[in-house]
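**Q** Numbering (the numbering used here), first residue to last: 15 to 53. Where a beta carbon is used, it is the ideal one built from N, C-alpha and C, also for glycine.
Next up, the structure:
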């Protein structure tokens, strides 16, 4: 869900039982998406 939000395809709103991704993991995900040319 965080990846889809970073790609601008999904609202970041979460419903239980989901919780927001920790910032360090979000940064790592962003880096991976950039490495694959998605961002």
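Quick check on residue 48: does DSSP put it in helix, strand or coil?
**A** Position 34 of the chain shown, counting from 1, holds the residue named residue 48. DSSP places residue 48 in helix when its eight states are reduced to three.
**Q** Quick test of your reading: residue 42 and residue 16, contact by CB under 8 Å. State the CB separation rounded to the nearest angstrom.
**A** One-based indexing of the chain shown puts residue 42 at position 28. One-based indexing of the chain shown puts residue 16 at position 2. About 11 Å; that fails the 8 Å criterion.
**Q** Determine, for residue 19, whether the minimum Cβ-Cβ distance to residues of chain B falls below 8 Å.
**A** Reference to chain B is not applicable here, since this structure consists of a single protein chain.
**Q** Quick check: the Cα distance between residue 21 and residue 29, rounded to an integer number of angstroms?
**A** Numbered from its first residue, the chain shown carries residue 21 at position 7. Numbered from its first residue, the chain shown carries residue 29 at position 15. Answer to the nearest angstrom: the Cα atoms are 20 Å apart.
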